[in-house]
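Below: the structure, in structure tokens.
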Amino acid sequence: MQTTMFYDIMPDGTVKQLNPFTGTEVWAVPGRKSKPITNEIPVTAKRVEPHNPEDYCSFCPPRYVETPPEKSRLIKLHDRWERIDTLAPDKYFETTAEFRRVGNMFEIVTLDYWRKNYAFKMTAARQKWREDYLANPSGLKHITEIIHYKLRQEGKSDEQIEKIPLAEKFGIADAFFGGGHELVIAKRHYREGAEFDTEMFSSGEMTVEEHFHYFKLTIDALMDIAFSNRYVRYISVFQNWLRPAGASFDHLHKQIVALDEWGASIENQIKMLREDPNVFNQFGANFAAHHNLIFAENDYAIALAGIGHRYPTIEIYSRAQTGRPYEHTDEEIRGVSDLVHATHAAMGSQISCNEEWYYTPIDAVYKMPWHVMIKWRVNVPAGFEGGTSIFINPMTPIELRDKLVPRLYKLRDERRVAWLRIAEECRVDPNPLKYYLK
Ligand SMILES: [Zn+2]
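This is the structure in structure tokens:
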């Protein structure tokens, strides 16, 4: 393994990196504006007026009708979690959703895209749900209002909206029922007892159990989308946390987008897998182990500081033999969820980040392990990057690891994260990822 090609620590401390999977060239200069992680309230924070229940945005519980119809919700009955699918619109407020799954009002890949390019038809079950929904007076009201809201957001005047024929208007609603761009929304807006607007409810604020169910509902959605549209080849899953990471809502949510291609990056990684089925161990887990970049693990997953990313990036890999999240057992999902949760908890709620999922595409015959990347959006690539294609990352992988480790020990002591092995406790046996096994 020519490791210096990918990861070269120079005598002055500069770390030159080349991402083995994407070819991205990155330099990190240590000690550059590197502050420890803090959850202290910044001086610029504004006080929030406590509202009970929270009603700060369209994703807050009293405002269920400001999102498209609900495909699923998770409720908690004492210690038991229950999933309710396609709840009738007049029953929205009979229970409180811990998590909700709804269509995205503004799709990236639209229902029309699938219809016009593939002659896609909604499944009979979705079609029936749509009919039942519109036959319900609360449902008809909800849909009418939400279509008007969408049209107004798109810049149409009330007068123009008035002139659109009813059939056309309800055609817009089809996407709410049969589209492939969805959201999974958490219940809380701010964290419990928040006094300032910086105290948002992040993934790390959840309990271990809540985070597992958040993952599980997302995976249920993934599977449902895959089985409802046979033209789908990959489904992108991501979470943009806070505005600098591209979030249009501060309220915590994940997005799920069905695609008819894998995208260049995954395409390339599948090619690498064809040549070396063990490539994710070789250049992922084993490589990180050799350079002491693995900072946490449990029996089902490992977490490491990634190399060759334009933003400080944590990578969490499933050790499972299967390559898609929905093929994982609950225990295996929990293992990945626990490390993702612990990472979010350790970084705190004030660092803007993208959480991105990668896994074996639906129609791939070469297995890639399910892994989750958490990218800290703490720097803005500028002119230097544009001109040279060399990205400056404000933190070395070692610095990133060392910021997280003390926080993880503390969180484990306080039992705020699931049990995990930290830093030197990690066993890091060779080839810890088992996806390559048949
Ligand atoms: Zn909210």
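Here this note's numbering is used: position 417 in the sequence shown is 743, and no number is missing along the way.
By construction, the Cβ of each residue, glycine as well, lies at the ideal position given by its N, Cα and C atoms.
Since this is a predicted model, take the numbers as computed values, not measurements.
Which residues DSSP lists as bridging residue i, in chain order
i	result
HIS507	VAL583
MET526	TYR516
ASN443	Answer is none; ASN443 lacks a bridge partner.
TRP683	VAL698
VAL341	ILE335 and ALA354
ASN705	BP columns for ASN705 are empty, so no partner.
VAL428	GLU396 and LEU509
ASN719	ALA354
ARG389	In DSSP, ARG389 forms no bridge with anything.
ILE748	ALA622
ARG373	PHE522
Integer-rounded CB distance, given that residue j should sit under 8 Å from residue i
i	j	result
MET694	THR686	5 Å
PHE621	ALA629	6 Å
GLU525	ARG517	5 Å
GLN676	ASN462	Between ASN462 and GLN676 the Cβ distance is about 42 Å, and since that is not below 8 Å, they are no contact.
ASN604	ASN757	7 Å
PHE425	LEU400	5 Å
Where the beta strand (DSSP E) through residue i begins and ends
i	result
ASP411	406 to 411
ARG297	As shown, the chain starts at 327 and ends at 764. That puts residue 297 outside it, with no answer to give.
ASN566	560 to 567
SER398	396 to 403
GLN608	Counting along the chain, GLN608 falls outside any beta strand (DSSP E), and DSSP gives it neither H nor E.
GLU351	351 to 354
GLU623	620 to 623
ALA571	Here ALA571 belongs to no beta strand (DSSP E), and DSSP marks it neither H nor E.
PHE613	Here PHE613 belongs to no beta strand (DSSP E); instead the alpha helix (DSSP H) covers 613 to 616.
LEU630	627 to 631
ARG753	Looking at the DSSP string, ARG753 is not in any beta strand (DSSP E), and its letter there is neither H nor E.
SER644	639 to 644
ARG636	Segment: none, ARG636 is in no beta strand (DSSP E) and carries neither H nor E.
beta-carbon residue i near ligand 1 non-hydrogen atom, thresh 7 Å
i	result
CYS679	no
TYR557	no
GLU531	no
PHE385	yes
HIS579	no
GLU375	no
TYR685	no
TYR540	no
GLU366	no
GLU396	no
Range covered by the alpha helix (DSSP H) that runs through residue i
i	result
PRO454	The residue asked about is misnamed: residue 454 is Lys in this sequence, not Pro. Residues 450 to 461.
ALA590	590 to 601
ASP334	ASP334 -> not in any alpha helix (DSSP H); beta strand (DSSP E) instead, spanning 333 to 335.
LEU543	534 to 554
GLY712	709 to 714
GLU657	656 to 673
ILE487	484 to 489
Neighbour-count burial assignment, residue i, 16 or more Cβ in a 10 Å radius
i	result
VAL743	buried
ILE511	buried
SER715	exposed
TRP745	exposed
GLY339	exposed
ASP484	exposed
GLY661	buried
ALA423	buried
LEU492	exposed
PRO638	buried
PHE553	exposed
LYS454	exposed
Check: residue i C-beta below 7 Å from any heavy atom of ligand 3
i	result
TYR418	With respect to small molecules bound, the structure shown includes ligand 1 and not ligand 3.
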